[in-house]
Every structure is written in structure tokens, then in C-alpha cells.
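Enquirer: Let me give you the structure first, and then I'll get to my questions.
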Amino acid sequence: MSKFFYVLLFVIGYTYSQYSSTFTQDNNVTLLNPERGFLSLVETQSVLESPSPLSDFTMNSLLSNNILIVQRIWYIKAFINTDLSTSQLQLVSNDFNMARKYNFKVIPRFTYSQSSTESDANMTVIQRHISQLAPIIKNNSDIIAVFQAGFIGSYGEWYYSSNNLNNNGNYTLLVNTLLSVLPQDRTVQIRTPSYKQNMFNVAFSPYSLSGPPTGIRSTNYSRVGVHNDCFLADATDYGTYINAYDRQWLANESIRIPFGGETCAVSSYSVCDNAKKDLSLFHTSFLNINYNQDVITSWRNGGCFNEIANRLGYRLSLIRSFVNVTNNVLSYSISFNNTGYAAPYNPYQIQIAFVNSTGVVYNVPLDHDVRYWTPELSPIVISSRVNLDSSIVSNGNYSLFIKICDPLFVNNSRYCIKLANSGMDVMSEYYGLKTTVSLQATIATPTPTPTATPSLNTTTPTTTPTSTVTITTTPTPTSSAPSTHSSLILLTLLVLFITL
């Protein structure tokens, strides 16, 4: 009898330890994902010049149009020769609060001038204004997607400076000051490739699909990107590129550093076929929906608007998952497809969630960086082994889910990545891996997968262990069968049992 028990234990443990699931991609579903897609540029004058604070009406209107990024430009020309007033600082703070209320991300820009004939401030005043704004920027850095350098010249694009600030020394000082205010994982965008090339004295981009030599966001160089505010206008995008080399240089840069902007004129470069090609080449994460309306309309009429809307930034979907849990060790291999134009450019935390039938969730973080998940590398496979802490896990049956969320908003589904797979709840941050595990001290038996998706904003509880936990994997009806090799082993063991 004892021989029978040990053979049966081995057979069950082996048979139920290796199961995989496959998933179907959905190319048409609209996904509201953070830090990507069409954005809306919303400008305001200073508190002394008819300000337009962000309002509930504005934010609801943007949401109704599937927009989750607001590009906010504050014109502060009333303070060219003086400190920002308390009321002006409060306006900026209130705008961030309104964006946070609606779970938006913000692309901020501050500037003084709206034309080539208006004045900007001198560098001493600019530095003082940044120091005044620094506490607000730091307090809201979690909802800043990227920060546009601004301040100098018309529209903050570094042209036509009345104080002769349009030189590399002032550009470098401004960018370094902004980088010192922002956390290490946030980037600053400037207007053209040549500005960055001169700022860092580089003649080529060090980036490639294999990754930058110094890692993501580890240097100031890796934290400075480009916003093209005349995208798809002509061969040089109205002076954005000095020559054809700049285009390839920026294409390489955008592999690892966020790129976006706005269009400014209908041209042969903006027609659907070429637009889609360049949007992909430059790994475009976001574009202004408000400008240029003629270009946007041409995309609607040309039948490519929905495709562009879906592919701006990242668009991730599950392909296949293998998950095994044995002896408190989680082993996994999960593959994704990215059919967007770019990888996510800010950090996201990947977790496998153990969810029991009562909705209790244990989240296990995985150590992978989604900022490397460029479309060119699809299929993207992540795999590793993680030791589970059995002291906080209760005995029972658990369905496995995956979630990918902003690490600063792990329990807010609006800041989590929605996956483009058929049959999945696009309003939830949890995606079922079609696998169930049993956490118990005795031999595991197959259990059905819960059909309910876990509720949002669940906190991870702490429990007292009741015994030494042995963890084995059990399949769900949708999981694939064991391999032929596994079946042969099972057959051999059964023959062995018969001869006992």
C-alpha cells in the first residue's frame, strides 16, 4: 500500500505541474491605457490674464473621447519680471489636482511667449520660477507622463528668444534644472534632435533594440527626448530635422525615450500610408488630437484614424502562458505581443495575482522592465522562478491572474495596462491565466477555475501560516494537455504500479 501511495503521489505531482494556456488577440477593441494615445492640448493664461482652470466639464469631455493625457501649457508672461504669485502657483496646483481626480496623466509646459514678437523672461527669472514650481512638480511627479522643457522662446519651443537665450549653454542649464526637480524615472522633452546632439556633444544615437549600454534612465542623456510639433509636414518637418540623418537618429532615440507631438499641415507625408510608416518608425506614443484638424480629418476620411488611435504607444496582448507552482516556487514563462508603435516609457510593475474563491488576492511581483518591450521584439517572453512566502498564504484553491500597473497606483485600474485579448474585461486590471493552483498540506486535486473576476482595489491581507504549505499546480478545462513526454512517463509509472 505504501508503494502505491508514493507512486500515485509522484504521478499526480508530475502530471499537474506543467500546463500552458493560449490566448486570442483582439485587434479592434478600444483600450483606455495610461500614458499613450491621442492627447488634448489645453492652454491657459496666467491668473492675471483670464485664466482657464481645468474643470470637471473639460475632464469629462476628454474622457468621453477616449483621452487620458492632458497636455497643459501655462502662459505666465505676466510674471516676466517678478516671482510667480501665490494665486498663480495655486492655479497650477489645482490643475494637477483636477487631472488626478480623473486619473489622467499630464504633460506640463510653462512658457511666456505666444508669438515671435512677444518677450520671454531672462534666465535668472526662469530659474527662480522653476524653484517656485518645484514643490508642485515633485508632489505631482507620479501623474506626469513627460515634462516638456518650454520656458524659452515662442510657445516654449526655443525659437525667437527676446533675451537671447537660444544657445546651447542656456538650453543645457534649463534642462539640467528640470531634471534635478523630476524623479530619476521621468523624462524631459525638447523640440529638435540638434538641440540634444549639441547639449550632449553626440554625433550618433547609442540606442538600439538590444538596449542602451547604460540602461534606461540611468543618465541625463537617457532622460531627454524630443517632441515634434510639426510632425509629418514635409521632409524636414518644417526645420525639425537638419538633414536626413536626423530622422534616423531620432528613430533610434525613440526606441528607449518617449516621442510624441502634433501635426501641423496636410502633405504627402501626412497621408495614411506614410503617416502609419513614420508613426511606427519614430515609436510614437502620443499625438495632439486638436491640431492639426485638417490632418486628423484626412485620417478619418482615409480610413486609418482608428488604427492610429489603437496603435499609438503600446498595445500589449497575451500569447501564451506557462505557470507552475511547486514547493513554494513559482515558475513561469509568459509571452506577449506588442502591436503598438512603441514600448511603455515609464515604469510598470508586473504581478501574478493568486485569487481565491472569496476574492482574497495575493500579489507576487515579477522583476521585468516593460520599457524594453518594443514592437520589433515581439513575441516578448518573460520567464523566471520566484520563491513564494508561505507565511502569508492560506491553504486553499487559487486562480492565477496577471496585472501590469503603474507601481505608484497598483490598486487603481485606470493606471493599469489593459490587454488586447478577446473575452477579457477591458475595465479590469486582472487578466486570467486559465490556471488554478491548490495551496495545501495534502495532495492536490483538480479544481475548477472561478469565473468571477476579482474586485478592484483589493489590498493584500496578512495571515498566519497554519502548516507547512506544499504547492502544486492543477489545470483548468481550458489548459492544454500534458506533453507526450509526460504521458509516456505516466504510462511507465502505471505499468510499474501494476507490477508492484
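Those letters in the sequence shown? Residues -17 to -1, 1 to 483, by mature numbering (1 follows the signal peptide of the UniProt record, and there is no 0).
The beta carbon of each residue, even a glycine, is placed where N, CA and C say it ideally should be.
Which residues share a DSSP beta bridge with Gln172?
Expert: Gln131, Gly208
Enquirer: Nearest by alpha-carbon distance to Ile272: which of Phe337, Leu51, Arg303, Ser4 is it?
Expert: Leu51
Enquirer: Below 8 Å on the Cβ atoms is my contact criterion, and I expect Phe269 with Leu22 to pass it. Report the Cβ-Cβ distance as a whole number of Å.
Expert: 5 Å
Enquirer: Output the boundary residues of the alpha helix (DSSP H) element that contains Leu371.
Expert: Careful: Leu371 lies outside any alpha helix (DSSP H) and carries neither H nor E.
Enquirer: Compute the beta-carbon to beta-carbon distance between Gln172 and Gln231, rounded to the nearest angstrom, for a pair I have assumed lies under 8 Å.
Expert: Gln172 to Gln231, Cβ: 19 Å. No contact.
Enquirer: With DSSP run on the structure shown, which of helix, strand or coil describes residue 507?
Expert: Missing from the structure shown is residue 507; the chain here goes from -17 to 483 and no further.
Enquirer: Excluding the 5 residues preceding and the 5 following Leu162 in the sequence, name in chain order all residues of the same chain whose CB lies nearer than 7 Å to its CB.
Expert: Val171, Asn203, Arg206
Enquirer: Going straight from the alpha carbon of Cys247 to that of Leu264, what length do you get?
Expert: 19 Å
Enquirer: If you reduce the DSSP assignment to three classes, tell me which class Gln28 lands in.
Expert: coil
Enquirer: Excluding five sequence neighbours on each side, which residues of the same chain lie with their C-beta closer than 6 Å to the C-beta of Ser96?
Expert: Excluding residues within five positions, the ones whose Cβ falls inside 6 Å are Asp103, Ser137.
Enquirer: Between the Cα of Ile90 and those of Ser411, Asn123, Trp356, Glu236, spot the shortest distance and give me the residue it belongs to.
Expert: Asn123
Enquirer: Helix, strand or coil: which one does DSSP assign to Ser3?
Expert: DSSP places Ser3 in strand when its eight states are reduced to three.
Enquirer: Going by C-alpha to C-alpha distance, which of Ala117, Thr155, Ile238, Asp212 sits closest to Ser188?
Expert: Ile238
Enquirer: Could you give the C-beta distance for Gln54 and Leu74, rounded to a whole number, given that I count them as a contact under 8 Å?
Expert: Gln54 to Leu74, Cβ: 17 Å. No contact.
Enquirer: Would you decide whether Pro118 is buried or exposed? Buried here means 16 or more other CB atoms lie within 10 Å of its CB.
Expert: Around the beta carbon of Pro118, fewer than 16 other beta carbons sit within 10 angstroms, so the residue counts as exposed.
Enquirer: For Asn284 and Leu299, what's the separation of their Cα atoms in angstroms?
Expert: Cα to Cα, the separation comes out at about 27 Å.
Enquirer: Does DSSP classify Val185 as helix, strand or coil?
Expert: Three-state DSSP puts Val185 in coil, outside helix and strand.
Enquirer: Is residue 538 buried or exposed, if buried means 16 or more other CB atoms sit within 10 Å of its CB?
Expert: The requested residue 538 does not occur in the structure, where the chain is confined to residues -17 to 483.
Enquirer: My guess is that Gly208 and Glu236 are in contact by the Cβ rule of under 8 Å, so how many angstroms apart are they, rounded?
Expert: That pair is a contact at about 7 Å.
Enquirer: Since Glu236 is in the beta strand (DSSP E), which residue starts that stretch and which ends it?
Expert: Unbroken run through Glu236 is the alpha helix (DSSP H), 227 to 236; no beta strand (DSSP E).
Enquirer: Whose C-beta lies closer than 7 Å to the C-beta of Thr449 among residues of the same chain, with five residues either side of it excluded?
Expert: At Thr449 the pLDDT is 31, less than 50, meaning the model places this residue with poor confidence and gives no usable figure here.
Enquirer: Touching or not, the segment 349 to 356 and the segment 319 to 327, by the rule of three or more beta carbon pairs under 8 Å?
Expert: yes
Enquirer: What is the rounded straight-line gap between the Cα of Leu37 and the Cα of Asn395?
Expert: 22 Å
Enquirer: Using CA coordinates, which residue listed in Leu349, Tyr154, Glu290 is at the minimum distance from Ile385?
Expert: Its Cα nearest to that of Ile385, the residue Leu349 stands out among Leu349, Tyr154, Glu290.
Enquirer: Is Arg239 near the ligand ATP, in the sense that its beta carbon is under 7 Å from a heavy atom of that ligand?
Expert: Of the ligands one can find in the structure shown there are none, so the ligand ATP has no counterpart to examine.
Enquirer: Are the beta-carbon atoms of Ala61 and Glu101 separated by less than 8 Å?
Expert: It is not a contact, given that the beta carbons lie outside the stated cut-off.
Enquirer: Taking 7 Å as the limit between beta carbons, can you name the residues of its chain near Pro34, skipping five residues before and five after?
Expert: Thr27, Gln28, Leu74
Enquirer: Which first and last residues belong to the beta strand (DSSP E) in which Val164 is found?
Expert: Segment 151 to 164 is the alpha helix (DSSP H) holding Val164; no beta strand (DSSP E) there.
Enquirer: Nearest to Gln110 by CA position, among Gln276, Thr160, Asn64, is which residue?
Expert: Out of Gln276, Thr160, Asn64, Thr160 has the C-alpha closest to the C-alpha of Gln110.
Enquirer: In the DSSP assignment, the alpha helix (DSSP H) including Cys388 goes from what residue to what residue?
Expert: No alpha helix (DSSP H) contains Cys388, which is instead part of the beta strand (DSSP E) from 379 to 388.
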